[in-house]
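S.K.: Below is a structure I'd like to ask you about.
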Amino acid sequence: MDQILRRRFQLYGAVQGVGFRPFVYRLARELGLSGKVQNSALGAVVEVEGSSDVVGEFTRRLPQQKPPACVILSMEVSELPPAGYPDFSIVESSVSETKSAVVLPDLATCADCLAEIFDPEARRYGYAFTNCTNCGPRYTILESIPYDRANTTMRDFAMCADCRAEYENPLDRRFHAQPIACPRCGPQLNEEVESAARRLEAGEILAVKGIGGFQLVCDACASEPVRRLRKRKNREEKPFAVMFPGLDSVRRNCVVSEAEIAILTSPAAPILLLRPAPGIELAPEVSMGSPFVGAMLPYSPLHHRLLRCFGRPVVATSGNLSDEPIAIANEEAQQRLKGLADAFLLHNRPIARPCDDSVVRVTAQGRPMLLRRARGYAPLPVLVPQELPRVLAVGAHLKNTIAIAFGRRVFLSQHVGDLESVEAYRNFQRAIHDLSRLYEFEPEVVACDLHPDYLSTQYAEGLGLPLVRVQHHLAHVAACAAENEVKPPYLGVAWDGTGLGTDGAIWGSEFFLVTDREMRRVGHLRPFRLPGGDQAARDCRRVAVALLEHCGRNVELGLPEKDLAEIKGLLERGRTVPWTTSMGRLFDGVAALSGVALANRFEGQAPMKLEAAISRSQVSSYPVVLDRGELDWRPVVDALLRDRDCGVPAGEIAAKFHETAARWVLAMAQAVAVPSVVLSGGVFQNADLSARVVSLLEAEKFRVFLHQRVPPNDGGIALGQAVLAGASCFTGRREDVIR
Ligand code: ZN
Ligand code: ZN
Ligand code: FE
């Protein structure tokens, strides 16, 4: 028999008062699906439950057959455990559901507006700020709620008579389109798009004021400008995102599936990680040998015009120095970016808050996985099953996001970034004040990480409010469980780089048995040493040396004699060398031992190369040894070295190691023996690993949950912190530490 699925659709847009709920009701009934439909503050929520092929049929027909007046701006789909609905019903909205504020994310230019921009007869021909109720900026122009023009950065542009007429006409596409504008009355550019395109042609680097901030833009097919941009931005190897003029250009340069095209062309229009195609036209300096191209399509009229004029793909990277937040104001940008850009393409519509481009990857199941959640997704809330008190969660240290929670909603901020510079820390504080002010939110309780050195933790400590410190990996697991509505008992798996454990060690491969009463750590990797802490995170050979020392082996890794002596000295003297159970570091060590990668020039580079090296879908693995909750990597290293000595290709070693890691999860799941398994942490950004874990576990009848709408990396930590701190308050067990 077919598997029973529950699928939830969160629809945003004009779906109320247009016959949407009766339509959904009829469609579900016709197909024999159970579930419910309900209006929400932002649109509607639909849940259907039934066999997977019928649910698939519903998913296809919902957007196709919707009532004509109904406008779906975006649709977030998630898979949930079956709820056992007896039938299909229309649920009346509760007051609290409809009262909370309507803040939509920014929406990419719609097809109608696009046609207008390139129609020489149209009033808005060539106009770079064209938008309508179906598209345009939202979150990045909003200064306060409700969403009226007077509360946006469009307030100072007085509508002309023509725009006013459209705005007031219920039959017009621009009826109550708050950012409505035209060449007569709206924002203006400082330079003609044609002349900006000629600058790109001449190899110049442009600072372009986009939707959520400035971007640095240059010709992506010419090496020289890209090299210059790398040098000026102080960015060694991390790939640059590329904006392609259209889908044809994407197809020429990247391998792209139907599911991926749907994401590229969605209103969120994120950066999507794609494999490069053989005939790639991009300069090698764009991706620096990375297995992925970060591809996106134009998402504002200005981008559409610039790309059409220029005709080739461009690098489009955040307008900042490495580690600093993206610039949003004209004067600020002209100051901060003057050494980076040769010219500025500006306009006079202010940006209310920074919002980087989001980054998405499609997993082996064909589902999107958010790696960076910002423009196009933020600030849509995550609906959680239980009522929460007013919690402010300050997130982690790297890839920071913050969250505010009240009722059954958690509002996760846009990507804030690594809290490594004064500018970044200021941006973090601004994000907290901004989200709080928008929702008139005052926290009762603050949640932070256990790590005392995180700037976010120190900020939380300074607020003088009840404080809940949440262990990093528990927060990871709780975030994934919350967005998937997984109820205890379940096995939570958190695999990442590093996070402080409750025993003072550096954790990163943790298994938790989560029940109604507790979250108990039941497993992890056999600990190993990290010689040189942060240095070890950059130089994978340091990890490899430590692993070899633990095994009593000696292998030539090409380390300079001096460094090797230093590392061995550190390991011998020992006391200052931390112990870790980090899965991310183990991947680093294996990358070095297999010869695939020796260093991380940016976070996650070596594991990414290891994943990309996989030569075929290998199903053999290295020995899986689980001893009282401890996964032993020593037999793996031994067998791997034997393979290496026999000349087994690195691609095969990489495949066997991935298979081993997946079987580790299976071994733990079988030992713990609860039906649901929740996977979180940055290591699960690895699509090959995630796919192997899912298929191994599902074959053994486990239900497996991956992140869907919130990043598996530290960008999702704030959600987990909010949920756990909220639950501890709610049950009256207000503890200082959640461990
Ligand atoms: Zn439009
Ligand atoms: Zn106008
Ligand atoms: Fe983490």
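Every position in the sequence shown, counted from 1, becomes a number in my numbering once 1 is added.
Where a beta carbon is used, it is the ideal one built from N, C-alpha and C, also for glycine.
1) Mark ARG543 as exposed unless 16 or more other C-beta atoms lie within 10 angstroms of its C-beta, in which case mark it buried.
2) So, with DSSP's three-state summary, where would you put LEU725?
3) Please classify ASN132 as buried or exposed, where buried requires at least 16 neighbouring CB atoms within 10 angstroms.
4) Assuming contact is defined by CB atoms lying nearer than 8 Å, are GLU486 and PRO82 in contact in what I supplied?
5) Please confirm if the stretch 442-450 is in contact with the stretch 470-486, defined as three or more CB-CB distances below 8 Å between the two stretches.
6) Taking the CB atoms as reference points, tell me whether PRO168 and MET160 lie closer together than 8 Å.
7) Determine the DSSP secondary structure at ALA15, reduced to helix, strand or coil.
8) Based on DSSP bridge pairs, tell me the residues matched to MET76.
9) Quick check on this structure: which residue in VAL625, GLY652, SER622, GLU388 has the alpha carbon closest to the alpha carbon of SER616?
10) Are SER250 and PRO180 close, meaning C-beta to C-beta below 8 Å?
11) Look at the Cβ atom of HIS659, then the Cβ atom of ASP689, and state whether they are nearer than 8 Å.
12) Going straight from the alpha carbon of SER97 to that of LEU381, what length do you get?
13) How long is the line joining the alpha carbons of PHE685 and ASN40, rounded to whole angstroms?
14) Near GLN415, what residues of its chain come up, given a Cβ to Cβ distance below 6 Å and the 5 sequence neighbours on each side ignored?
15) Taking C-alpha atoms, which residue in ALA84, PRO528, GLU144 lies nearest to LEU6?
16) In the structure shown, what three-state DSSP assignment does CYS133 receive?
17) For CYS647, count the other beta carbons within 10 Å of its own beta carbon; 16 or more makes it buried, fewer makes it exposed. Which is it?
18) Measure the C-alpha to C-alpha separation of MET584 and ARG527 and round it to an integer number of angstroms.
19) Count Cβ pairs between the stretch 181-190 and the stretch 267-287 that sit closer than 8 Å; are there 3 or more?
20) Name the two residues that bound the continuous beta strand (DSSP E) containing THR318.
21) Skipping 5 residues on each side, what residues in its chain have a beta carbon closer than 6 Å to that of GLY533?
22) To the nearest angstrom, how far is the alpha carbon of PRO1 from that of LEU298?
23) Could you tell me the alpha carbon to alpha carbon distance between ASP157 and GLU519, rounded to whole angstroms?
24) By Cβ distance below 6 Å, which residues in the same chain neighbour LEU571 in space, the five residues on each side in sequence not counted?
25) Rounded to the nearest angstrom, what separates ARG9 and MET155 at their Cα positions?
26) If you follow the alpha helix (DSSP H) that ARG22 is in, where does it begin and where does it stop?
27) Using the C-alpha atoms, what's the distance from ARG231 back to ARG165?
28) For ligand 2, I want to know if ASP163 counts as a neighbour, meaning its beta carbon is within less than 7 Å of at least one of the ligand's heavy atoms.
29) Which stretch, first to last residue, makes up the beta strand (DSSP E) that contains MET520?
30) Would you mind reading off the limits of the beta strand (DSSP E) that contains SER1?
31) Using a Cβ-Cβ cutoff of less than 7 Å, which residues in the same chain neighbour ALA270 once the five nearest sequence positions on both sides are dropped?
32) Run through the stretch 190-248 for me and flag every whole beta strand (DSSP E) of 3 or more residues, listed as ranges in chain order.
33) Can you list, in chain order, the residues of its chain whose CB lies under 6 Å from that of VAL209, leaving out five sequence neighbours each side?
34) Hey, PHE311 and LEU201 are a contact pair by Cβ (cut 8 Å); roughly how many whole angstroms apart?
35) So LYS657 and SER621 are in contact, right, with Cβ under 8 Å, and what is the actual spacing, rounded?
36) Would GLY721 and ALA406 qualify as a contact pair, given that the criterion is a beta-carbon distance under 8 Å?
M.R.: By the coordinates alone:
1) With 16 or more Cβ atoms within 10 Å of its Cβ, ARG543 is classed as buried.
2) Here LEU725 sits in helix by DSSP.
3) Buried: at least 16 other Cβ atoms inside 10 Å.
4) Closer than 8 Å, so yes.
5) Yes: the two stretches touch, three or more of their Cβ pairs being nearer than 8 Å.
6) A small fix is needed here, since residue 168 is Tyr in this sequence, not Pro. In this structure, MET160 lies closer than 8 Å to TYR168 by Cβ.
7) If DSSP states are grouped into helix, strand and coil, ALA15 belongs with the strands.
8) Beta-bridge annotation (DSSP): MET76 is paired with LEU12.
9) Closest by alpha carbon: GLY652.
10) Contact: no.
11) Contact flag set, yes.
12) For SER97, the predicted model reports a pLDDT of 49, less than 50, meaning its position is unreliable; a value from the coordinates is still stated below. Those two C-alpha atoms are separated by around 16 Å.
13) Looking at the two C-alpha atoms, the distance is approximately 34 Å.
14) Within the same chain, Cβ atoms closer than 6 Å to the Cβ of GLN415 are found at CYS356, ALA375, ALA379, the five residues on either side in sequence being excluded.
15) Nearest of ALA84, PRO528, GLU144 to LEU6, Cα basis: ALA84.
16) Correct three-state label for CYS133: strand.
17) Burial call: exposed.
18) The alpha-carbon separation between MET584 and ARG527 amounts to approximately 10 Å.
19) Too few Cβ pairs lie closer than 8 Å, so no.
20) Judged by DSSP secondary structure, THR318 falls within the beta strand (DSSP E) whose first and last residues are 315-319.
21) In the same chain as GLY533, and ignoring 5 residues on each side of it, the C-beta atoms closer than 6 Å to its own belong to ARG543, in chain order.
22) Lying outside 2 to 740, the shown extent of the chain, residue 1 is not represented and no answer is given.
23) Cα-Cα distance, rounded: 54 Å.
24) Within the same chain, LEU571 has close Cβ partners PRO532, VAL578.
25) Distance from the CA atom of ARG9 to the CA atom of MET155, rounded to whole angstroms, is 35 Å.
26) Per DSSP, ARG22 belongs to the alpha helix (DSSP H) from 21-32.
27) Rounded to the nearest whole angstrom, the CA to CA distance from ARG165 to ARG231 is 46 Å.
28) Under cutoff, so the answer is yes.
29) In the DSSP annotation of this structure, the continuous segment of the beta strand (DSSP E) that includes MET520 starts and ends at 520-526.
30) Nothing about residue 1 can be read from this structure; the chain reaches only from 2 to 740.
31) Around ALA270: ALA109, MET297, LEU298, TYR300, GLY377.
32) Those beta strand (DSSP E) runs which fall completely within the stretch 190-248 and span 3+ residues are 207-210, 215-220, 242-244.
33) Here the set comprises GLN216, VAL218, LEU346.
34) Sure, about 5 Å apart at Cβ, within 8 Å.
35) LYS657 to SER621, Cβ: 6 Å. Contact.
36) For the 8 Å CB-CB criterion, GLY721 and ALA406 do not form a contact.
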